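Participant:
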DNA sequence: GTCTATAGAAAGATAGAC
DNA sequence: GTCTATCTTTCTATAGAC
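Structure representation (structure tokens):
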């Protein structure tokens, strides 16, 4: 039988992060108080400071954790034989992963401005590392002549913006399944980069 | 000679909106206090309430004004002869207009969640009206057989997300002029929708 | 039209009891 | 590991002088 109160450090930390992510994504970092987060977890506000030195660090941990997981998950995707196949894998991976973590994605794009300079730079570096993954695919395809792009960096940013936009409208049980969305977006990307 | 103090209602209102837009875009609605806005204009906090009933109304006026101007500006663009030409006009218009009003665009995408239900619905309706402008172009091209799209609504959202993404990276004096950016993005859109 | 002053609520963070 | 209590600051919004 579980204790009604006492020590729960192993479970409380993750629950704080989960509730903070949910609340920050829904209302915005600045609009959410430490008291609201504590209440969602079932704690008093002071107890949060056992798990984070301050509010900004809590946000940073969420963003850093998300970017680390994003890069690790992409690293797990097996390499394909040709740039077009690699690009298809990236498009499908990006849509799938981002839909699974909509709240974290939203935070990572919207709440960067609430970080101090050092924390901001750390997240930016990870974001650029992810963009570079796509850009190397585009560069390889460009070199082989299967893609025709005026600028690979701009194409990278354009494609990522387009794919991430799925998160703003996709709803479970809507007109399209995730698989259908992947297919439709892949069709558009494939044509947009084609030689 | 201008008075040092006294009545300035005709100039103070616009200045409040300009400074509020700048501060909200930079730090986020919830993170900016009425005192900060007043200080940026050169007023005391209480004086702001001569111009807005509360903080949320100030935000709503900014978003509503932006959407109205966006729709009005698009209405001024002369109609082109064919769907591809219309689409090119839309792409160039969207990039140009959004780069000219980067702060307002940022607000309109990020701070909707700080509006109450009625204000939220009003802005959403205007956003959908703008999306419908693009979708009718895509539908017309689809009907004429010059575009090939699995779904015009999804293509609408994908294209707008891609174009609006320019605002996240474009900097004056960077590698590309505005005209060059318009051209590169139009090339990608043109190919993505082509039959 | 703007200011000073302030009411009243809520914020982030800390101290010490248990 | 968590709670209660509190310090200190800051917030939105209002009242009344000028």
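Residue numbers (our numbering), protein chains in the order written: chain A, 6 to 200; chain B, 6 to 200.
The beta carbon of each residue, even a glycine, is placed where N, CA and C say it ideally should be.
Note that the structure is a prediction, hence the values are computed from the model and not measured.
(1) Within 10 angstroms of its Cβ, does residue 31 of chain A collect 16 or more other Cβ (buried), or is it exposed?
(2) Can you tell me which of the three DSSP states residue 166 of chain B falls into?
(3) DSSP on residue 152 of chain A, reduced to helix/strand/coil?
(4) Are the C-beta atoms of residue 183 of chain B and some chain A residue less than 8 Å apart?
(5) I'd like to know whether the C-beta atoms of residue 187 of chain B and residue 101 of chain B end up nearer to each other than 8 Å.
(6) As a quick exercise: from B:150, B:97, B:86 and B:46, pick the residue whose alpha carbon is nearest that of residue 200 of chain B.
(7) For residue 92 of chain A, which residues of its own chain have a beta-carbon under 6 Å away from its beta-carbon, when the five flanking residues on both sides are left out?
(8) What residue range is occupied by the uninterrupted alpha helix (DSSP H) comprising residue 14 of chain B?
(9) Using the beta-carbon count (16 or more within 10 Å), is residue 170 of chain A buried or exposed?
(10) Should residue 167 of chain B and residue 43 of chain A be called a contact, given that it needs their Cβ atoms to be closer than 8 Å?
(11) Mapping the DSSP letters down to three states, classify residue 199 of chain B as helix, strand or coil.
(12) Taking residue 203 of chain B as the reference, which of B:134, B:131 and B:88 has the closest Cα?
(13) Does the segment 68-77 of chain A come close enough to the segment 120-131 of chain A to have 3 or more Cβ pairs within less than 8 Å?
(14) Counting only Cβ-Cβ distances shorter than 9 Å, please list the residues of the segment 165-180 of chain A near chain B, keeping chain order.
(15) For residue 161 of chain A, which option in A:62, A:14, A:195 and A:24 has the closest C-alpha, if you only look at C-alpha atoms?
(16) Which whole-angstrom value is the C-beta distance of residue 49 of chain A and residue 28 of chain A, which I expect to be below 8 Å?
(17) Would you mind working out which of B:137, B:35 and B:122 sits nearest residue 95 of chain B, comparing C-alpha positions?
(18) Whole angstroms is fine: what's the gap from residue 63 of chain A's alpha carbon to residue 54 of chain A's?
(19) Can you list, in chain order, the residues of its chain with a C-beta nearer than 7 Å to that of residue 8 of chain B? Leave out the 5 residues immediately preceding and following it.
(20) Flag this pair as yes or no: are the beta carbons of residue 16 of chain A and residue 46 of chain A separated by less than 8 Å?
(21) Under the assumption that residue 189 of chain B contacts residue 155 of chain A (Cβ atoms under 8 Å), give the Cβ distance between them as a whole number of angstroms.
(22) CB residue 26 of chain B to CB residue 109 of chain B, shorter than 8 Å?
(23) Could you compute how far the alpha carbon of residue 175 of chain B sits from the alpha carbon of residue 38 of chain B?
(24) Which one of B:185, B:99, B:34 and B:152 has the shortest CA to CA distance from residue 67 of chain B?
(25) Whose Cβ in chain B lies nearer than 7 Å to the Cβ of residue 159 of chain A?
(26) Between the Cα of residue 90 of chain A and those of A:145, A:105 and A:120, spot the shortest distance and give me the residue it belongs to.
(27) Is the beta carbon of residue 61 of chain B closer than 8 Å to that of residue 121 of chain B?
(28) Figure out for me which residue from B:99, B:86 and B:193 has the closest Cα to the Cα of residue 76 of chain B.
(29) So, residue 177 of chain B versus residue 158 of chain B, is the Cβ gap smaller than 8 Å?
(30) Against chain A, which members of the segment 32-51 of chain B pass a CB distance test of less than 9 Å?
(31) With the cut-off set at 8 Å, would you say residue 124 of chain B and residue 65 of chain B are in Cβ contact?
(32) What does residue 199 of chain B touch in chain A if you count any residue whose Cβ is under 7 Å from its own?
(33) Can you tell me whether residue 175 of chain B sits near the ligand PLP, meaning its C-beta is under 7 Å from at least one heavy atom of the ligand?
Facilitator: Based on what the coordinates show:
(1) Here residue 31 of chain A refers to the residue found at position 26 of the first chain. An exposed status is given to residue 31 of chain A, since fewer than 16 other beta-carbon atoms sit within 10 Å of its beta-carbon.
(2) Here residue 166 of chain B is taken as the residue at index 161 of the second chain, counted from 1. In the structure shown, residue 166 of chain B sits in a helix (DSSP, three-state: H, G or I).
(3) For the purposes of this step, residue 152 of chain A is identified with residue 147 of the first chain, where counting begins at 1. Three-state DSSP puts residue 152 of chain A in a strand.
(4) Taking the second chain and counting its residues from 1, the one referred to as residue 183 of chain B is at position 178. It does not; no Cβ of chain A falls within 8 Å.
(5) Translated into the one-based positions of the second chain, residue 187 of chain B becomes position 182. Translated into the one-based positions of the second chain, residue 101 of chain B becomes position 96. Yes, the pair counts as a contact, with Cβ atoms nearer than the cut-off.
(6) Numbered from 1 along the second chain, position 195 holds the residue referred to as residue 200 of chain B. It is B:150 whose Cα lies nearest to the Cα of residue 200 of chain B.
(7) Taking the first residue of the first chain as 1, we reach residue 92 of chain A at position 87. If the five residues before and after residue 92 of chain A are omitted, its C-beta is found closer than 6 Å to the C-beta atoms of 142, all from its own chain and listed in chain order.
(8) Within the second chain, the letter at position 9 stands for residue 14 of chain B. Residues 14-32.
(9) Sequence index remark: in the first chain, residue 170 of chain A carries index 165 (1-based). Counting Cβ neighbours within 10 Å, residue 170 of chain A comes out buried, since at least 16 surround it.
(10) As a position in the second chain, residue 167 of chain B is number 162, starting the count at 1. As a position in the first chain, residue 43 of chain A is number 38, starting the count at 1. Result no, Cβ atoms of residue 167 of chain B and residue 43 of chain A do not sit closer than 8 Å.
(11) In the second chain, counting from the first residue as 1, residue 199 of chain B sits at position 194. In the structure shown, residue 199 of chain B adopts extended strand secondary structure according to DSSP, grouped into three states.
(12) Not covered by the structure: residue 203 of chain B. The range shown for chain B is 6 to 200.
(13) Segments in contact, yes.
(14) Of all residues in the segment 165-180 of chain A, 165, 166, 167, 168, 169, 170, 171, 173, 174 and 180 have a Cβ within less than 9 Å of some Cβ in chain B.
(15) Mapped onto the first chain, residue 161 of chain A falls at position 156. Residue A:195 is the option with its Cα nearest to residue 161 of chain A.
(16) Along the first chain, read from residue 1 onward, the residue named residue 49 of chain A stands at position 44. Along the first chain, read from residue 1 onward, the residue named residue 28 of chain A stands at position 23. About 16 Å separates the beta carbons of residue 49 of chain A and residue 28 of chain A, which is beyond the 8 Å limit, so they are not a contact pair.
(17) Locating residue 95 of chain B in the second chain gives position 90, counting from the first residue. If we check each option's Cα against that of residue 95 of chain B, B:137 comes out closest.
(18) On the first chain, residue 63 of chain A is found 58 positions in, with the first residue counted as 1. On the first chain, residue 54 of chain A is found 49 positions in, with the first residue counted as 1. Computed Cα separation, rounded: 10 Å.
(19) As a first step, residue 8 of chain B is located in the second chain; it is residue number 3 there, counting from the start. The predicted model places residue 8 of chain B with a pLDDT of 40, which falls under 50 and marks its position as unreliable; any figure quoted below should be read in that light. Around residue 8 of chain B: no qualifying Cβ.
(20) Against the first chain, residue 16 of chain A aligns to sequence position 11. Against the first chain, residue 46 of chain A aligns to sequence position 41. No, the pair does not count as a contact, with Cβ atoms beyond the cut-off.
(21) For the purposes of this step, residue 189 of chain B is taken as the residue at position 184 of the second chain. For the purposes of this step, residue 155 of chain A is taken as the residue at position 150 of the first chain. Contact check for residue 189 of chain B and residue 155 of chain A: beta-carbon distance about 5 Å, within the 8 Å limit, so the pair qualifies.
(22) The sequence position of residue 26 of chain B within the second chain is 21, counting from 1. The sequence position of residue 109 of chain B within the second chain is 104, counting from 1. Yes, the pair counts as a contact, with Cβ atoms nearer than the cut-off.
(23) Reading the second chain from its first residue, position 170 is the one you call residue 175 of chain B. Reading the second chain from its first residue, position 33 is the one you call residue 38 of chain B. The straight-line gap from Cα to Cα measures roughly 29 Å.
(24) Residue numbering aside, residue 67 of chain B sits at position 62 when the second chain is read from its first letter. For the residues B:185, B:99, B:34 and B:152, the minimum Cα distance to residue 67 of chain B belongs to B:34.
(25) Within the first chain, the letter at position 154 stands for residue 159 of chain A. Near residue 159 of chain A (Cβ distances below 7 Å), the residues of chain B are 189.
(26) Walking along the first chain from the start, residue 90 of chain A turns up at place 85. The residue from A:145, A:105 and A:120 with its alpha-carbon nearest to that of residue 90 of chain A is A:145.
(27) Counting from one through the second chain, the residue named residue 121 of chain B turns up at place 116. Counting from one through the second chain, the residue named residue 61 of chain B turns up at place 56. The Cβ atoms of residue 121 of chain B and residue 61 of chain B lie closer than 8 Å to each other.
(28) Taking the second chain and counting its residues from 1, the one referred to as residue 76 of chain B is at position 71. Checking every option, the nearest Cα to that of residue 76 of chain B belongs to B:99.
(29) Within the second chain, residue 177 of chain B is the residue found at index 172, counting from 1. Within the second chain, residue 158 of chain B is the residue found at index 153, counting from 1. Their beta carbons are not under 8 Å apart, which means residue 177 of chain B does not touch residue 158 of chain B by this criterion.
(30) When C-beta distances to chain A are compared with 9 Å, the residues of the segment 32-51 of chain B below that value are 32, 33, 34, 35, 36 and 37, in chain order.
(31) Sequence index remark: in the second chain, residue 124 of chain B carries index 119 (1-based). Sequence index remark: in the second chain, residue 65 of chain B carries index 60 (1-based). It is a contact, given that the beta carbons lie within the stated cut-off.
(32) Residue 199 of chain B sits at position 194 when you count from the first residue of the second chain. Within chain A, the residues near residue 199 of chain B are 196.
(33) This structure simply doesn't include the ligand PLP, nor any ligand for that matter.
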